[in-house]
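Participant: Residue numbering for the sequence shown follows the numbering used here, beginning at 344 and increasing consecutively.
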Amino acid sequence: MADYKEVPLASRPQTIDPKAYFNVTPSDRRAMEERAALRANLKRQYQLQLNNPHRQELIEDPALTRWVHARANPLNHFRTTPKTSLMGAIFGVGPLILFYFLFKTDRERKEAKIKAGTAQRQYSSLAY
344 MADYKEVPLA SRPQTIDPKA YFNVTPSDRR AMEERAALRA NLKRQYQLQL
394 NNPHRQELIE DPALTRWVHA RANPLNHFRT TPKTSLMGAI FGVGPLILFY
444 FLFKTDRERK EAKIKAGTAQ RQYSSLAY
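1. By the three-class DSSP mapping on this structure, what secondary structure does Y466 have?
2. Between K456 and L352, which are expected to be in contact by the criterion C-beta below 8 Å, what is the C-beta distance as a whole number of angstroms?
3. Between which residues of its own chain and A413 is the CB-CB distance below 7 Å, once the five residues before and five after are set aside?
4. Helix, strand or coil, according to DSSP, for T427 in the structure here?
5. Helix, strand or coil, according to DSSP, for V306 in the structure here?
6. By alpha-carbon positions, which one of G437, P405 and L439 ends up nearest to K386?
7. Can you give me the C-alpha to C-alpha distance between A462 and E454, rounded to a whole angstrom?
8. If we ignore side chains and look at the alpha-carbon of each, how far apart do N384 and L439 end up?
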């Protein structure tokens with residue numbers, strides 16, 4: 344196994360977790376092998392349909408259909424977690440606060456220069 348560093352807000356993938364990878368009971372291993380055989384059989388059937396030179400109908404991929412449905416209806420599949428709440432606050436509210444303080448400090452700096460007499464007020468119809 345490669346050296347894997349734990350990351351905050353993310354769990355260790357099952358494929359590299361040594362406890363889940365090596366400490367598997369025989370019944371669990373049989374179930375994993377049955378699922379792998381089922382996946383391989385479905386993949387083979389799909390490849391046979393896809394590569395059929397006499398095919399007339401459209402091949403429907405259920406995984407692609409599920410993915411398209413999830414992309415078309417994101418609110419039905421969205422789950423609020425601490426990570427999504429934090430990302431929403433950072434990317435939604437963060438820029439507003441940043442621009443407020445940026446414009447506020449810039450305006451205060453200009454006003455201080457004008458009061459000190461080192462700069463002149465520029466009159467414009469579009470002054471902010």
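Ideal Cβ positions, reconstructed from N, Cα and C, are used throughout, including at glycine.
Model, not experiment: these values are computed from the prediction.
Facilitator: Let's see:
1. Y466: coil per DSSP, three-state reduction.
2. Wrong, their Cβ atoms sit about 44 Å apart, outside the cutoff.
3. Excluding sequence neighbours, A413 sits near H420.
4. Helix, per DSSP.
5. The structure shown does not extend to residue 306, since the chain is modelled only from 344 through 471, so no value can be given for it.
6. Among G437, P405 and L439, the Cα nearest to that of K386 belongs to P405.
7. So the two alpha carbons sit approximately 9 Å from each other.
8. In this structure, the alpha-carbon of N384 lies about 53 Å from that of L439.
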